[in-house]
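Working notes, structure below.
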């Protein structure tokens, strides 16, 4: 059981910010000795879950992970239904559109349609963002009782000590506003130069299944313009939701 937990922890150390890691760095991050990390990596490499760069000797996720990710993404039955509407919204607004679901104290991008501008905001499928610093995250938190979201945010802050934060009172106000407005705005709270708005996707029974968001560089999209696009975003989310049975 201990080995299984260590293996899972090792795999989750790889991220968009850290796509390649060496043995020493993994050992330090996991608080394990190098021999143990070598052994775990060797086993994972045999299964295609990681691979080693022949030049740098650093490790990255292997192609076998893509197969597993594809299986998991197909389990989100609404993705194929959502893509056409997301593409239309992207074309109408001229900005990138993303769909997020929650996992733990992160929101995870499960579908993304990129704007065609040279300067744009990009998400990678499977990319995680902290729940308390993003517009999709605020919508997910707004679905929870206060005690539940407070505990989740506390865990997120502990896991991301180097990221900016805000007071519990300020966060509570933003969550309450998201509940009332049915949308949430993030204005450089997580990534400098990035601004976005999210709204909830609900199925035909009213159950919350995820969030739809539009994101853009602040240099191109003002707050006033972003708020002007709120009806288009909400209409698209409602269109997607109307196609869903209860997930």
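In our numbering, the protein residues as written are 7 to 253. Positions of the beta carbon are idealized from the N, C-alpha and C atoms, including for glycine.
Going by DSSP, residue 103 is part of no alpha helix (DSSP H) but of the beta strand (DSSP E) stretching over 102 to 109. Within the same chain, and ignoring the five residues on either side of residue 226 in sequence, no residue has its Cβ closer than 6 Å to its Cβ.
Contact check for residue 220 and residue 202: beta-carbon distance about 6 Å, within the 8 Å limit, so the pair qualifies. Around the CB of residue 102, 16 or more other CB atoms lie within 10 Å, so the residue is classed as buried.
Per DSSP, the beta bridge partners of residue 136 are 112. Relative to residue 207, the option among 193, 97, 105 whose CA is nearest is 105.
Membership of residue 58 in the beta strand (DSSP E) is indicated by the continuous run 56 to 58. When beta bridges are read from the DSSP output, residue 118 appears opposite 104. In this structure the stretch 88 to 97 does not lie against the stretch 190 to 197, because fewer than three pairs of beta carbons, one per stretch, are closer than 8 Å. Taking a C-beta distance under 7 Å as the contact criterion, residue 46 and residue 65 do not qualify as a contact pair. Using a Cβ distance threshold of 7 Å, residue 199 and residue 223 count as a contacting pair. Sequence-distant partners of residue 26 (beyond 5 residues in either direction) whose C-beta falls short of 6 Å from its own C-beta, in its chain, are 64, 66.
Counted as a single uninterrupted DSSP element, the beta strand (DSSP E) harbouring residue 205 occupies residues 200 to 208.
Cβ neighbours of residue 238 within its own chain (closer than 8 Å, five residues either side excluded): 95, 98, 99. Under DSSP, residue 66 shares a beta bridge with 57. Rounded to the nearest angstrom, the Cβ distance from residue 116 to residue 85 is 6 Å, consistent with a contact under 8 Å. In this structure, the alpha-carbon of residue 41 lies about 14 Å from that of residue 50.
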